[in-house]
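Everything on this sheet refers to the single structure shown next.
Chains as they are written, first to last, in my numbering: chain A, 186 to 495; chain B, 295 to 390; chain C, 16 to 410.
Written as structure tokens, this is what we have:
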């Protein structure tokens, strides 16, 4: 067996436990459902998940049934940071007062990019600033997919959405993607990482680090959305891989302020390879693609500098 | 019980759902327009298809091969696209 | 007879004492005038180790209530408090504990709503949240603010109730005014409040899903279940007040009556203005008018039966609203009218709006309302339309 084949066999080492059950109603080929599956494998049973309103909540919790095999709560769209703060505080108080035994329970927030970088940013910022012991996973599919592909601050430049449509005077999204992981880093929390289910072992490793570290942890997970990105559902994994290989969505960790690139590519693939496979970028002209290429390279260089990579 | 038949007295307090993973009763296989078909002679039993399935519906059989549970498989084709040995082909579902 | 020692306390500190005595586990609050003294006192208690609780200094009222929801779902006894704009920012979250059946307890130091900005008392904030599905009570003085807060925990956490409960006390009039009150021993309050146990908590050992999605085929059933359970809380509230009276010697009713035995004219108020209205009743009596006073102690669930009984012999009901339901008059007046609509025999009802944004209503203000209402009844009898009048307004 050659080395490449050895790497291929890694999936066999992953737990077969599925705490996010089959029978969920995510769209065909949903990268977010896959990301949730990977995250749940890494979290195990001893967890309480707080879920924002959004695709995940809708496709997993249609009454009177649930896809969750772990303790799970959803209340509203923008308050995951606050609800998880309350749960963590309740645990601390009740253990201290002898009402429940101390356990290894972990507190985890789930939200989409809108629930994180737009409407939920305040509650999340508060929870990170106060230093609650929790992990927050942002499942970033780069628009409000649950309501029908409306732009968020996490939608990439040039992408078509229903509220950033392409027209005579518009190329679609006219703003650059908000850098949410950097906003998390600015809170001086002990752990921040980016991840993508196209790299499942890296993702699971980061989630485990996030729950093991004491204090707030933030993992930003790029989740390919075939419905909203206008691509065939079988490309979910390939597009995630291309987002990383082009430098559009670099995978990295920031542990106590120290940056570390999870994968470094001496040569980035051209962004065109990633974009041409998606209907949301189909309208872009060469000059716009070149502008995006330049921006991606610039941002990637900045990141490499922070990580001390030449 | 399916939700359409539940009366208001059947609900738990606060509409809490107490049976973990009960949604696994829901058959998402009906959504499928293509199904994965395997040529196991080529399969190296790596498990790439298993790890990339958004439905968590690919399981290892007794011989170490992987099989899609068609009760859940939505036919996305990720397994076929990602298989390093081209073991899996997506074929059109036909009405029986 | 009442037990305990007489102390002089402002309403805010009285509430904080109640929260300390019930031994809350998690307090989550955001500061807003005139609620601040409550959170400041609680923060001190936690800092001094007088109260063993997690105090979460959240970044907004929306998060204050959200953290309470999370903590309550995780099995903790929780507390928050707010006022005016803060309650409005919380609005969306207020529906969550009632529909998810989490016994969050909140105190509101009632405050006007902007614009223009006003930190002073009226009931606009309370009236904007009538339909949130919480048990809601109004305190008339600091003793009641304390007693009702204690009772709120006992009722809310009762296994047959499991609804959130809110105590309203008038901002500044009560929150910042020192009054004599009877403070019971900690032990007596502790004995009155059993350990909190919810049938479903977020626990990895027994995983449940809370707050699932309700499509049209099942949403209505969830609301029916909630509404039936909410109506059933009335008897538990009264039972709790009875037991509270037996232990502490102070008795509460959903509808409080003052000199109503032979009254033909009744004033109706909520909150601290009741005590001024009592003085007005005395003066009206001296002038030969058979006046009395009704105070709504329980606002939600609305005490239909007790209210109808209270006004059954009344010929004129004069309602003071400290809020406006724009384009509809006074909200309390609208509600009491609708509560009596089905009754063959019912009083004439005349509503006034006053006391907005901290404007005092003196004794003569209540007397004015009664005398104006008598004139308006004549107009009604002549078949004329009458309008809700705002009192004490300069032309």
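Where is the CB? At the ideal position from N, CA and C, for every residue including glycine.
Check: Hey, out of B:303, B:326 and B:336, whose CA is closest to residue 371 (chain B)'s CA?
Finding: The count along the second chain starts at 1 and reaches residue 371 (chain B) at position 77. Cα-wise, what sits closest to residue 371 (chain B) is B:326.
Checklist line | Local Cβ density within 10 Å of residue 340 (chain A), reported as buried at 16 or more and exposed below that | finding: Stepping through the first chain from its first residue, residue 340 (chain A) is reached at position 155. By the 10 Å Cβ count, residue 340 (chain A) comes out buried.
Margin query: Counting only Cβ pairs nearer than 8 Å, list the residues of chain C close to residue 198 (chain A).
Written below: Position 13 of the first chain, counted from the start, is the residue given in the question as residue 198 (chain A). None at all; the shortest Cβ gap to chain C is about 24 Å.
Note to self: What are the residues in the region 210-224 of chain C lying within 9 Å of chain B by C-beta distance?
What the structure shows: Among the residues of the region 210-224 of chain C, those with a Cβ less than 9 Å away from any Cβ of chain B are 213, 214, 215, 221, 222, 223 and 224, in the order of the chain.
Item checked: Residues within the region 362-394 of chain C neighbouring chain A, beta-carbon criterion of under 7 Å -> Interface annotation for the region 362-394 of chain C against chain A: empty, criterion Cβ-Cβ distance under 7 Å.
Checklist line | Residues that residue 162 (chain C) bridges to, as DSSP identifies them | finding: Here residue 162 (chain C) corresponds to residue number 147 of the third chain, with the count starting at 1. Residue pairing for residue 162 (chain C): DSSP places it in no beta bridge.
Next item on the list: Name the residue from A:222, A:309, A:233 and A:219 whose alpha carbon lies nearest to the alpha carbon of residue 401 (chain A).
Entry: As a first step, residue 401 (chain A) is located in the first chain; it is residue number 216 there, counting from the start. Residue A:309 is the option with its Cα nearest to residue 401 (chain A).
Margin query: Taking a contact to mean a Cβ-Cβ separation below 9 Å, would you say residue 387 (chain C) touches residue 365 (chain C) in this structure?
Written below: Residue mapping note: residue 387 (chain C) aligns to position 372 of the third chain, counting from 1. Residue mapping note: residue 365 (chain C) aligns to position 350 of the third chain, counting from 1. For residue 387 (chain C) and residue 365 (chain C), yes; Cβs fall inside 9 Å.
Notebook entry, point to check: Just how far apart, CA to CA, sit residue 445 (chain C) and residue 144 (chain C)?
Noted result: Because chain C is modelled from 16 through 410, residue 445 (chain C) falls outside the range shown and cannot be assessed.
Next item on the list: Within the region 310-382 of chain A, note down every full beta strand (DSSP E) run reaching 3 residues or more, in order along the chain.
Entry: For the region 310-382 of chain A, whole beta strand (DSSP E) runs of length 3 or above, ordered along the chain, are 320-325 and 376-380.
Next item on the list: Using a Cβ-Cβ cut-off of less than 8 Å, list which residues of the region 251-264 of chain A approach chain C; keep chain order.
Entry: So the close ones are 251, 253, 254, 255, 256, 257, 258, 259, 260, 261, 263 and 264.
Checklist line | Minimum C-alpha distance to residue 302 (chain A) - residue among A:288, A:352, A:396 and A:404 | finding: Stepping through the first chain from its first residue, residue 302 (chain A) is reached at position 117. Relative to the Cα of residue 302 (chain A), the nearest Cα in the group A:288, A:352, A:396 and A:404 belongs to A:404.
Next item on the list: Quick one: which unbroken alpha helix (DSSP H) runs of 4-plus residues sit fully inside the region 118-155 of chain C? Chain order, please.
Entry: Unbroken alpha helix (DSSP H) runs of no fewer than 4 residues, entirely contained in the region 118-155 of chain C, are found at 139-142, following chain order.
Note to self: Let me confirm a value: residue 451 (chain A) is counted as buried when at least 16 other C-beta atoms fall within 10 Å, else exposed. Which label applies?
What the structure shows: As a working note, residue 451 (chain A) is residue 266 in the first chain. Looking at its Cβ environment, which holds fewer than 16 other Cβ atoms inside 10 Å, residue 451 (chain A) is exposed.
Next item on the list: Please look up how many angstroms separate the CB atoms of residue 82 (chain C) and residue 71 (chain C), rounded, as I've assumed it's under 8 Å.
Entry: As a first step, residue 82 (chain C) must be located in the third chain, where it is residue number 67. As a first step, residue 71 (chain C) must be located in the third chain, where it is residue number 56. The pair is a contact, with the Cβ atoms about 5 Å apart (cut-off 8 Å).
Margin query: Quick check: the region 82-95 of chain C against the region 107-124 of chain C, are at least 3 beta-carbon pairs closer than 8 Å?
Written below: Yes: the two stretches touch, three or more of their Cβ pairs being nearer than 8 Å.
Item checked: Cβ shell of residue 226 (chain C) (< 8 Å), same chain only, five flanking positions each side left out -> One-based indexing of the third chain puts residue 226 (chain C) at position 211. Excluding positions up to five away in sequence, the list reads 111 and 115.
Item checked: Rounded straight-line distance, which links the Cα of residue 154 (chain C) to that of residue 271 (chain C) -> Here residue 271 (chain C) is taken as the residue at index 256 of the third chain, counted from 1. Here residue 154 (chain C) is taken as the residue at index 139 of the third chain, counted from 1. Residue 271 (chain C) and residue 154 (chain C): Cα-Cα distance of roughly 11 Å.
Check: Under three-state DSSP, which class holds residue 267 (chain C)?
Finding: Position 252 of the third chain, counting from 1, holds the residue named residue 267 (chain C). Here residue 267 (chain C) sits in coil by DSSP.
Margin query: Using a 10 Å radius around the Cβ and a threshold of 16 neighbouring Cβ atoms, would you call residue 242 (chain A) buried or exposed?
Written below: Start at 1 with the first residue of the first chain, and residue 242 (chain A) comes out as number 57. By the 10 Å Cβ count, residue 242 (chain A) comes out buried.
Checklist line | C-beta neighbour in chain F for residue 108 (chain C), strict 9 Å | finding: Considering every chain present, this structure includes no chain F. Its protein chains are A, B and C.
Margin query: If we define contact as Cβ-Cβ less than 9 Å, is residue 337 (chain B) a contact residue for chain A?
Written below: As a working note, residue 337 (chain B) is residue 43 in the second chain. Cβ-Cβ to chain A under 9 Å: no for residue 337 (chain B).
Next item on the list: Just the chain B side, please: which residues come within less than 8 Å of residue 423 (chain A) by C-beta, in chain order?
Entry: Within the first chain, the letter at position 238 stands for residue 423 (chain A). Those within 8 Å of residue 423 (chain A) in chain B are 375 and 376.
Check: Any Cβ of chain C within less than 9 Å of the Cβ of residue 303 (chain B)?
Finding: Start at 1 with the first residue of the second chain, and residue 303 (chain B) comes out as number 9. Residue-level contact check: residue 303 (chain B) touches chain C, since one or more beta carbons of chain C fall below 9 Å from its beta carbon.
Margin query: Contact between the region 327-347 of chain B and the region 278-290 of chain A is defined here as three or more beta-carbon pairs at a separation below 8 Å; is this criterion met?
Written below: They do not touch, by the three-pair rule.
Next item on the list: Could you say if the region 209-224 of chain A and the region 370-378 of chain A meet the contact criterion of at least three C-beta pairs nearer than 8 Å?
Entry: With the cut-off at 8 Å, the region 209-224 of chain A and the region 370-378 of chain A do not touch.
Checklist line | Entirely enclosed beta strand (DSSP E) segments - the region 57-114 of chain C, minimum 3 residues | finding: For the region 57-114 of chain C, whole beta strand (DSSP E) runs of length 3 or above, ordered along the chain, are 69-72 and 93-97.
Checklist line | Nearest to residue 372 (chain C) (by Cα), restricted to the options C:137, C:75 and C:328 | finding: Within the third chain, the letter at position 357 stands for residue 372 (chain C). If you compare the alpha carbons of C:137, C:75 and C:328 with that of residue 372 (chain C), the shortest gap goes to C:137.
Item checked: Burial state of residue 379 (chain C) (16 or more Cβ within 10 Å) -> Here the question's residue 379 (chain C) lines up with position 364 in the third chain. By the neighbour-count rule (16 or more Cβ atoms within 10 Å), residue 379 (chain C) is not buried but exposed.
Checklist line | Three-state class that DSSP yields for residue 369 (chain B) in the structure shown | finding: Within the second chain, residue 369 (chain B) is the residue found at index 75, counting from 1. If DSSP states are grouped into helix, strand and coil, residue 369 (chain B) belongs with coil.
Checklist line | Member of C:361, C:359 and C:369 whose CA lies at the smallest distance from the CA of residue 344 (chain C) | finding: Along the third chain, read from residue 1 onward, the residue named residue 344 (chain C) stands at position 329. Answer by Cα proximity: C:369.
Notebook entry, point to check: What number of angstroms, rounded off, separates the C-alpha of residue 415 (chain A) from the C-alpha of residue 374 (chain C)?
Noted result: Along the first chain, read from residue 1 onward, the residue named residue 415 (chain A) stands at position 230. Along the third chain, read from residue 1 onward, the residue named residue 374 (chain C) stands at position 359. Residue 415 (chain A) and residue 374 (chain C): Cα-Cα distance of roughly 60 Å.
Item checked: Residues sharing a beta bridge with residue 311 (chain C), DSSP -> Reading the third chain from its first residue, position 296 is the one you call residue 311 (chain C). BP columns for residue 311 (chain C) point to C:270.
Notebook entry, point to check: For the alpha helix (DSSP H) that contains residue 223 (chain A), what are its first and last residues?
Noted result: In the first chain, the residue the question calls residue 223 (chain A) occupies position 38. Where residue 223 (chain A) is concerned, the enclosing alpha helix (DSSP H) stretches over 216-228.
Margin query: With a threshold of 7 Å on Cβ separation, who are the neighbours of residue 129 (chain C) within its own chain once the five nearest residues in sequence on each side are excluded?
Written below: The residue labelled residue 129 (chain C) in the question sits at position 114 within the third chain. The residues are 100.
Next item on the list: Measuring only between beta-carbons, confirm whether residue 312 (chain B) sits less than 9 Å from chain C.
Entry: Taking the second chain and counting its residues from 1, the one referred to as residue 312 (chain B) is at position 18. Interface residue (Cβ-Cβ distance to chain C less than 9 Å): residue 312 (chain B) is classified as such.
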